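Quick note on this note's numbering: the sequence shown kicks off at 635 and runs consecutively. Each residue gets a CB set at the ideal place from its N, CA and C atoms; glycine is no exception. Owing to the predicted nature of the structure, the values given are computational and were not obtained by experimental measurement.
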Amino acid sequence: MSTLKRKNNSCIACGTAAGMFTCRGCSKTFCLNHTNEHREILEKQMNEIINNHNRLKQQISNEETDQYYKLLIEQIDQWEKESINKIYRTAKEIRQQLIIITREHQDNIKEKLTQLTQEITKARYDGNFFEDDLKQWTNIIQRLQNTFLEHENIQISSINNGNPFISKISLIDKINDYMIPSINHFKYQTNHNQFENCTNLTLQGEYLSGDHLFRFKLDLYDSNSLVIMGIISKSRSQNENPYKNPTFYGWSTNNIVYLHGVTYSNFNNYQSDIEKNDAFQLVLDCDRKLIRLINERTLQTHELSIDITKCPFPWQPHVRILNDFQ
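(1) Comparing C-alpha positions only, which one of Ile734, Ala647, Asn686, Lys678 sits nearest to Tyr703?
(2) Just list the residues that DSSP pairs Ser939 with in beta bridges.
(3) Which residues in the same chain have their Cβ closer than 7 Å to the Cβ of Ser859, if we skip the five residues on either side of it in sequence?
(4) Roughly how many angstroms lie between the CA atoms of Thr897 and Gly659, to the nearest whole one?
(5) If we ignore side chains and look at the alpha-carbon of each, how far apart do Thr881 and Gln770 end up?
(6) Need the endpoints of the beta strand (DSSP E) that Met863 sits in, please.
(7) My assumption, with CB atoms under 8 Å, is that Thr935 sits in contact with Arg926. Please give the rounded CB distance.
(8) For the putative contact between Cys945 and Tyr904, defined by C-beta atoms under 8 Å, what is the C-beta separation to the nearest angstrom?
(9) Measuring CB to CB, does Tyr855 end up less than 7 Å from Lys923?
(10) Could you check where the alpha helix (DSSP H) with Asn681 kicks off and where it finishes?
(11) DSSP has Ile890 in a bridge; who is on the other side?
(12) When the cut-off is 7 Å and only beta carbons count, does Cys665 lie next to chain D?
(13) When DSSP builds the beta bridges, which residues end up paired with Asn929?
(14) Looking at C-alpha atoms only, which residue of His894, Trp885, Ser843 is the closest neighbour of Val861?
(15) Residues in the same chain with beta-carbon distance under 7 Å from Ser899, minus the five sequence neighbours each way, listed in chain order, please.
(16) Lys726 lies in the alpha helix (DSSP H); which residues open and close that run?
(17) Quick one: using the 10 Å Cβ neighbour count with 16 as the cut-off for buried, is Cys648 buried or exposed?
(18) Please report how far the alpha carbon of Cys920 lies from the alpha carbon of Pro948, in whole angstroms.
(19) Decide if Tyr892 is buried, meaning its Cβ has at least 16 other Cβ atoms within 10 Å, or exposed.
(20) How many whole angstroms separate the CB atoms of His739 and Ile866, which I take to be in contact at a CB cut-off of 8 Å?
(21) Does the pairing of the region 759–774 with the region 679–696 give three or more beta-carbon distances under 8 Å?
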């Protein structure tokens, strides 16, 4: 005579009463009394997460008055006073960089925290959360907390340029492990032919991974110029006109954006507010497959996501000024 094993549905807590509820989060079975106790434990853990979330939110709200950033500004101001007119322009550049980096750091955390706020609020209202949700939210809050504390990795660095009277300063981003370059990062190369009169900013390197930041200044720009700023793929000749290159992604004058060589007007609300002597930062974020352009005068930031089937790695940054463009 054969027998069938009966599945054990007894309560995991007391082991005597028949189990009436199986928790979807931990897959354990509880009787009615211990079901309520189990839920109370989850409620306490949820309250702890909400308290940690609120504390972090309050810390971020106070970040704008953080004394650490005030100290950095004071160091820049003191350095400016000591060197007076000789380093005035450099001090202005560093302040703008600090504003951009600080704002991006805060905005990035605030954006992620807002998303987490909405998710936790909805879960609490619906009562739809379990152990795996609590663990995930705890990990997210811890990561945001660590990211928030990493702002002190930005420091002021003195550069010995051979002149004992002036030490040029720069910002070092220890989080991304690179030094923000000075304006003289590029060299000009002027080309003349029967088709176009252009100036290339000579860029070095091919990039497959990581973050890479380049700075350049449009001191040869005028109202009749066409400026293109972006990337091309190494797979296509760099001698090919980038605005005709099917791998080119970037920005231009007249509110034009290039996506794999195709022009779009006002893409993502892009407005080309460009003036002579404007300084720009071009960021290649290979890991996230995007590029970013920052105008240091207007503090406007623009991003483009790159389709690597259209613009495969390695990438090469490319900036060109076409004079008397028709």
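With the structure as the only source:
(1) When each option's Cα is compared against that of Tyr703, the closest is Ile734.
(2) Answer is Leu924.
(3) Excluding sequence positions up to five before and after Ser859, its CB lies within less than 7 Å of the CB of Ile955, Leu956, Asn957, Phe959, all in the same chain and listed in chain order.
(4) Each residue's alpha carbon lies about 50 Å from the other.
(5) Each residue's alpha carbon lies about 39 Å from the other.
(6) Bounds of the beta strand (DSSP E) holding Met863 are 860–867.
(7) Indeed they touch by this definition, with Cβ atoms about 6 Å apart.
(8) The pair is not a contact, with the Cβ atoms about 18 Å apart (cut-off 8 Å).
(9) Not a contact, by the Cβ cut-off of 7 Å.
(10) If you look at Asn681, you'll find it in the alpha helix (DSSP H) that goes 666–695.
(11) Ser899, per the DSSP bridge assignment.
(12) The chain inventory of the structure shown lacks chain D, comprising one protein chain alone.
(13) DSSP, once it has assigned bridges, lists Phe914 as partnering Asn929.
(14) Minimum Cα distance to Val861 is reached at Trp885.
(15) Cβ neighbours of Ser899 within its own chain (closer than 7 Å, five residues either side excluded): Asn889, Ile890.
(16) Its alpha helix (DSSP H) spans residues 722–760.
(17) With a 10 Å radius around the Cβ and a threshold of 16 neighbouring Cβ atoms, Cys648 comes out exposed.
(18) When only Cα atoms are considered, Cys920 and Pro948 end up about 9 Å apart.
(19) So Tyr892 counts as buried.
(20) Their Cβ separation, rounded to whole angstroms, is 30 Å, which puts His739 and Ile866 out of contact at 8 Å.
(21) The region 759–774 is in contact with the region 679–696.
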